[in-house]
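Protein chains in written order, with the numbering used here: chain L, 30 to 331; chain H, 6 to 248.
Encoded structure:
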């Protein structure tokens, strides 16, 4: 069963093609991640799926409803958390929740079980104005407000941007719990490492979808052997590997370099042989499995 | 305090009412160092950085930045540091050269110096074709690199970068770090915050703030050893959760 079906959707702003012929489907009950940098078109796509923006071309349905003709039905079926905090800053935590519940014709009590785990963390601050909450608390309140009418599907536009790694983990744990309730969750993020928190992902760049699949399938399609290389002089190593005639790509990855080679049958001894002609101490070369950033950068340079 | 350090802070503290946002932090940064300033949201990083940039007067303690006192010489600090964040960047509706002229002018560069700098930057960044284009039409990666170049247009001894690579694609993020290395190689001290833990590995030393205090400060290698972690992400999680 599909929760979202997108067929050849495009959207331009003047000369800028923000979303360029995107097609994909999102299954019911999955966590689906749109992963890409700023300007990839994630927000425009989310705004079209939540009926806040009309596409120039193409069709899409959400929970079986057409995003143009059935916009009213979609609005009561989806929960949407925009990238910018957009609750009422001068209402308290509780007032915001009551407000959103009332707008959707429900009460906090009716769907309390859905927000309970998140709300208990907010409860000590329930009389505080939303504008005075810390970033992490604002995020939790926004999620509660998006859930209060028990939506079938949640759209979360960059919920973890600017959030530290520990709080990001906690947020993803909350999403994992909501998934168990059967809610389809569509998330966008610029943090590539969050791909492993999603069931399936779409890698997005400049309005286009480069790949849609399970992370492990995308990784398995990485076309070359990849090595992690280290030595005493990392900055020099980077330049020397880039100058190597068989180098395909060389990128910094934390404390090592990821090196891919244009030869099909390359071994780490080939690379070591080359580096031994240079002046390096403590060289280490390890064949590794690519990660999501390796794949993203490879797709970007196609 | 000696002049061997570009930043020296001793028991630097900032209170808002009863709340202590920065709680007696002491540390020093060497010239040319890439110093990573990490911590969870709400740990006090922004407040500490605002004090070091001369934007907020500390409640107590002492500190100097580029030799100037954070209590009494805030205007000199502002003139002698560079600052860049992802949020505060260049003007989208000015052209490349207009942006360079605007920021150079604010920092009081002479006309001849400004002209020389403009040509130098356009050449360095290989953007001569785009020099008269509005910023809004440029790819994000170019904007970021220009923003960094403009932040150090007045040749400050130290530049503060507040999440400079947020939301940037992985290739541009790495190219941006090439520029940071280059600046550091030329003697500019780089004080940087980031939520990307792989970037913490690129710093010479990293400090981790927890609840207003500096919980740890060392090289990435030493931190990994101390916390028995494979990478800086694990170090961060262990420190932020109190081991």
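In this text, a Cβ means the ideal position worked out from N, Cα and C, and glycines have one as well. Remember, predicted model here, so these are calculated numbers, not experimental data.
In this chain, the beta strand (DSSP E) harbouring residue 234 (chain L) covers 229-234. A contact between stretches requires three or more CB pairs, one per stretch, nearer than 8 Å, and the segment 298-310 of chain L fails this requirement with the segment 22-32 of chain H. Contact annotation: in the segment 160-192 of chain H, residues whose CB is within less than 8 Å of a CB in chain L are 168, 171, 172, 173, 174, 175, 176, 177, 179, 182 and 186. Within the segment 135-152 of chain H, those residues whose Cβ lies closer than 7 Å to any Cβ of chain L are, in chain order, 145. Within the same chain, and ignoring the five residues on either side of residue 69 (chain L) in sequence, the residues whose Cβ sits closer than 6 Å to its Cβ are 233 and 234. Close CB contacts of residue 156 (chain H) within its chain, under the 7 Å cut and outside five residues either way in sequence, are with 87, 88, 89 and 164 (chain order).
Measuring C-alpha to C-alpha distances from residue 147 (chain L) to each of L:168, L:131, L:286 and L:160 identifies L:168 as the nearest.
By a beta-carbon distance limit of 8 Å, residue 205 (chain H) contacts residue 43 (chain H). Their separation comes to about 6 Å.
Residue 44 (chain H) sits in a strand when the DSSP states are folded into three classes. Excluding five sequence positions before and after residue 114 (chain L), the CB atoms of its chain that fall closer than 6 Å to its own CB belong to 167, given in chain order. Nearest in C-alpha terms to residue 279 (chain L), of all of L:327, L:154 and L:64, is L:327. Distance from the CA atom of residue 321 (chain L) to the CA atom of residue 184 (chain L), rounded to whole angstroms, is 22 Å. Excluding its 5 nearest sequence neighbours in each direction, residue 52 (chain L) has C-beta neighbours in its own chain below 7 Å: 35, 36 and 37, listed in chain order.
Using a Cβ-Cβ cut-off of 8 Å, residue 195 (chain L) is close to 45, 241, 242, 245 and 246 of chain H, given in chain order. In the DSSP annotation of this structure, the continuous segment of the beta strand (DSSP E) that includes residue 287 (chain L) starts and ends at 285-290.
Listed in chain order, the non-local C-beta contacts of residue 196 (chain H) below 8 Å within the same chain comprise 12, 34, 40, 42, 54, 57, 163, 164, 165 and 166, local neighbours out to five positions each way being set aside. Close CB contacts of residue 314 (chain L) within its chain, under the 7 Å cut and outside five residues either way in sequence, are with 256, 258, 297, 300 and 301 (chain order). Taking residue 144 (chain H) as reference, the option from H:159, H:172 and H:125 with the minimal CA-CA separation is H:172. At a cut-off of 8 Å between beta-carbon atoms, residue 329 (chain L) makes contact with chain H.
CA-to-CA, the gap between residue 59 (chain H) and residue 174 (chain L) works out to about 39 Å. In the three-state DSSP reduction, residue 63 (chain L) falls in the strand class (E or B). Remark: three or more beta-carbon pairs, one from each stretch, lie closer than 8 Å, so the segment 281-298 of chain L and the segment 201-220 of chain H are flagged as touching. Restricting attention to alpha helix (DSSP H) runs no shorter than 4 residues, the segment 157-219 of chain L encloses them at 164-176 and 194-209, ordered along the chain. A distance below 6 Å between beta-carbons, with the five flanking residues on each side excluded, links residue 90 (chain L) to the following residues of its chain, in chain order: 34.
Under the 8 Å criterion on CB atoms, residue 200 (chain H) is classed as interfacial with respect to chain L. In chain L, no part has a C-beta under 8 Å from the C-beta of residue 214 (chain H); the shortest such distance is about 11 Å. Taking C-alpha positions only, residue 139 (chain H) is separated from residue 108 (chain H) by approximately 16 Å. Looking at the DSSP output, residue 36 (chain L) bridges to L:88.
Here residue 42 (chain L) carries a strand assignment [DSSP, helix/strand/coil]. When secondary structure is reduced to three states using DSSP, residue 65 (chain H) falls in the strand class. Pairing residue 83 (chain L) with residue 137 (chain L) gives a Cβ-Cβ distance that is not under 8 Å. Between residue 64 (chain L) and residue 218 (chain L), the C-beta spacing is below 8 Å. With respect to the 8 Å criterion, residue 112 (chain H) and residue 82 (chain H) are not classified as neighbours on the basis of their beta carbons.
Looking at the DSSP output, residue 210 (chain H) bridges to H:40. Annotation: Cβ neighbours of residue 190 (chain L) in chain H (cutoff 8 Å, chain order): 171 and 172. Within chain H, the residues 175 have their CB atoms less than 7 Å from the CB of residue 322 (chain L), given in chain order.
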